[in-house]
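Q: I have a structure I would like to understand better, so I am pasting it below and will then ask my questions one at a time.
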Amino acid sequence: MTAAATVSSVRRPRRLGRALPGAFWGLILLTPAFVSLASVSFYPIVNGLNLSLTNTSLITQDQDFTGLSNYVQLWGDPQFWNAWWHTMWFTAASTVLETVIGLGMALILCEAFKGRGLVRAAMLVPWAMPTVVTSKMFGWLFDGQNGIINYLLLHAGLIDQNVNWYGSPDTAMITIIIADVWKTTPFMALLLLTGLQTVPISLIEAARMDGAKGWITFWHIRLPLLMPTLLIAGLFRALDAFRVFDLVYVLTGGGPADSTETLSTLSYKVLFSTLQFGYGSAVSTAMFITEGIIALVFVVYLVRQIRRAQ
Amino acid sequence: MNETRSPLQSFVIYAGALLILVWSGGPFIWQFSTSFQLDKMLTSGSPSLIPHPFTLEHYYNAFVEKQLHRYVWNSLVVSLATTFLCLFVGSLAAFALSRLNIKGRFGILMVILSVSMFPQIALVGPLYLVATNLGLLDTYTALIITYLALGLPLVTWVLFGYFETLPREIDEAARMDGVSVPGLLWRIILPMSLPSLVTTGLLAFITAWNEFLFALAFTSNIDRQTIPVGIANFTNLYYVPWGDIAAASAVVTVPLILLVLFFQRHIIEGLTQGGVKE
């Protein structure tokens, strides 16, 4: 800081804008990042699009251009639509649950109470844990025979007999959603908490002075101000949930009876079990397109909300 | 606002806080306790949180039978290399975007951030073909190159946010003292950013440590497989060894949790600044 002081006394004319020339060093410093992202993210997307127009298979060694035939096959493939619906259902359910429960947690953390630091710290545990470990952990918690969840529910009188949670097509998807909600909600809550803390306290106190009840201040002051944060956090969450792979692959492998098959697990199986890279790429490209549409809908809605607020 | 709280409100807040605590910590505590219990106690039908009798059998199985330490070693190599590469490449990019006169900086930042939202399953097929052609299957290199790109968006974004908070007068002063552009980054900006480098490094480390999909696709033997792949394959022929799995889970998760708890304040600040404020 002494250097800054001496220089300011010299008083040279300030250059406009940023102090440093950009072109040369900018190029050099950004190149490694560009090379990395271009080769590991952009190239595969483009190449995947390319592959999806061929009948590439590592078994038959075919590699011929077949136009849109993979997509035609995809359109009539019940397995694909089965996985598509599961993925949409999983994304919608987990995003909504995580946002709502996360908001509830954030509202509690917003208050001052003893042990708040401890609670906040504990909330990072699910986030830091490897998803594969989470998946195995829920496998044990929700085990059909000796799972602690069955034991607790049975003793609380909420169920009459053990539920075969992820071993039965009726409840498998629900178990996976519960596991995902467990893992991501606390972090969502921490994101929303920082959003809530930017709401000026004076505003809330003024409303209380005017006799507004807690519920009213929440609904008319906090929630509208939190809306942009809520939507952005929701968007990131939805895009992330849409790609769900680890949880499903490890807990159920897409079963039983394909009841938890999602687009990621289906793509992975087509790619690495049947080695049909052409068709598998069509599945993952279709997934990429769906994800793009979800993002677009969110962003359009977000921009509208922000415009309306102004 | 505290004094205006009614007993009912206080009750709701403390009950809620307790619920969050049980929610966040409960499942892992049960997993931890499971790792010290005998199989016959786990299947006895009357579970108990306190291990009785206490056993280290599952840890023995995890390390001796399943060779957990070899996965841990692979994960350490890959994650540490990824962390340092991510910090290096990410700080160069973040510095350029924050300090240099670059047109369309925010456009570039948005592109970098949107890359992190690509579905990874769409990348894994083509990258697998590339890795096959280059002979990189079953190597650390393939994983490190991939994880660098996975971690880079977040690292760049968070470091950019931190660099933006450093006053620009420093740049000018340094420039007038004849410090070159790389010198400014290396000798002035980076030393001032140590706290942020530690947390972004931790984020990159966690990303690599926890990654499963690419590790599953690119590695096929224990010489290169990382922990998530190892644990996913923890099965016995006739039954699921829940105790062994619990022991392995504890081994790979407890150090991570301790790190995260130690740096929790920085992590929350870093991530929220990257995720929401823009």
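Taken in order, these protein sequences are the chains called C and H.
For what it's worth, my numbering labels the leading residue of the first sequence as 1470, then goes sequentially.
For what it's worth, my numbering labels the leading residue of the second sequence as 790, then goes sequentially.
A virtual CB, placed ideally from N, CA and C, is assigned to each residue, including glycine.
As the structure is a computational prediction, the values presented were derived from the model and not from experiment.
Assign I1685 of chain C to one of two classes, buried (16 or more other C-beta atoms within 10 Å of its C-beta) or exposed (fewer than that).
A: Exposed is the call here.
Q: Given a cut-off of 8 Å, decide if L1610 of chain C and W812 of chain H are closer than it, judged by their beta-carbon atoms.
A: Cβ distance not < 8 Å, so W812 of chain H and L1610 of chain C don't count as in contact.
Q: Select from H:F1023, H:P1044 and H:A1006 the residue whose C-alpha is nearest the C-alpha of L1720 of chain C.
A: The residue with the shortest Cα to Cα distance from L1720 of chain C is H:F1023.
Q: Would the stretch 1576–1585 of chain C count as touching the stretch 970–987 of chain H if we require 3 or more Cβ pairs under 8 Å?
A: No, they do not touch.
Q: Expressed to the nearest angstrom, what Euclidean distance is found between the alpha-carbon atoms of A1472 of chain C and T930 of chain H?
A: Any reading at A1472 of chain C needs caution, since the residue's pLDDT is 39, under 50, leaving its predicted position unreliable; the model's value is listed next. When rounded, the distance between both Cα atoms is 43 Å.
Q: Comparing C-alpha positions only, which one of H:L1047, H:R1054 and H:S1038 sits nearest to N850 of chain H?
A: N850 of chain H has its Cα closest to that of H:S1038, out of H:L1047, H:R1054 and H:S1038.
Q: With DSSP as the reference, please indicate the residues paired to Q826 of chain H in a beta bridge.
A: Q826 of chain H pairs with H:F843.
Q: What residue ranges within the stretch 865–939 of chain H form continuous alpha helix (DSSP H) runs of no fewer than 4 residues, ordered along the chain?
A: Those alpha helix (DSSP H) runs which fall completely within the stretch 865–939 of chain H and span 4+ residues are 894–904 and 910–922.
Q: Report the residues of the stretch 916–932 of chain H with a CB closer than 9 Å to any CB of chain C, ordered along the chain.
A: Answer set for the stretch 916–932 of chain H: L916, Y917, L918, V919 and T921.
Q: Output, in chain order, the set of chain C residues within a Cβ distance shorter than 9 Å of Q820 of chain H.
A: Those within 9 Å of Q820 of chain H in chain C are V1602, K1605, M1606, W1609 and L1610.
Q: Considering just the uninterrupted stretch of the alpha helix (DSSP H) at T1568 of chain C, what are its terminal residues?
A: From DSSP, the alpha helix (DSSP H) with T1568 of chain C extends over P1547 to C1579.
Q: Does DSSP put A1472 of chain C in a helix, a strand or coil?
A: Any reading at A1472 of chain C must be qualified, since the residue scores a pLDDT of 39, below 50, and its modelled position is unreliable; the value itself is stated next. Three-state DSSP puts A1472 of chain C in a helix.
Q: Go ahead and label S1477 of chain C buried or exposed: buried means 16 or more other beta carbons lie within 10 angstroms of its beta carbon, across all protein chains shown.
A: Interpretation of S1477 of chain C is limited by its pLDDT of 40, a score under 50 that renders its predicted location unreliable; no figure is taken from the coordinates.
Q: Taking the C-alpha atoms as reference points, what is the distance between I809 of chain H and Q1530 of chain C?
A: So the alpha carbons of these two residues sit roughly 54 Å apart.
Q: Could you work out which residue in H:L937, H:L1005 and H:Y1027 is closest to P1017 of chain H when comparing CA atoms only?
A: Cα-wise, what sits closest to P1017 of chain H is H:L1005.
Q: Rounded to the nearest angstrom, what separates F907 of chain H and P942 of chain H at their Cα positions?
A: Each residue's alpha carbon lies about 11 Å from the other.
Q: Consult DSSP for F1534 of chain C and reduce its assignment to one of helix, strand or coil.
A: Note: F1534 of chain C maps to strand in three-state DSSP.
Q: Mapping the DSSP letters down to three states, classify T1729 of chain C as helix, strand or coil.
A: Residue state, collapsed to three classes: coil.
Q: Once the 5 residues before and after W1651 of chain C are set aside, which same chain residues still bring their CB inside 7 Å of it?
A: Here the set comprises P1595.
Q: Within its chain, find whatever has a CB closer than 8 Å to the CB of V801 of chain H; leave out the 5 residues flanking it on each side and keep chain order.
A: For V801 of chain H, where only same-chain residues beyond five positions count, there are no Cβ hits under 8 Å.
Q: For A963 of chain H, count neighbouring Cβ atoms within 10 angstroms of its own Cβ and tell me buried if that reaches 16, exposed if not.
A: Classification for A963 of chain H: buried.
Q: Can you confirm whether G1584 of chain C, when its beta carbon is compared against all beta carbons of chain H, has any partner nearer than 8 Å?
A: G1584 of chain C counts as touching chain H.
Q: According to DSSP, which residues form a beta bridge with T1523 of chain C?
A: Paired residue(s): C:F1534.
Q: Beta carbons nearer than 7 Å to chain C: which residues of the stretch 964–992 of chain H have them?
A: Correct list: R964, M965, D966 and V970.
Q: At a Cβ cut of 7 Å, what residues of the stretch 818–843 of chain H count as close to chain C, listed as they run along the chain?
A: So the close ones are W819, Q820, T823, L831, T832 and P836.
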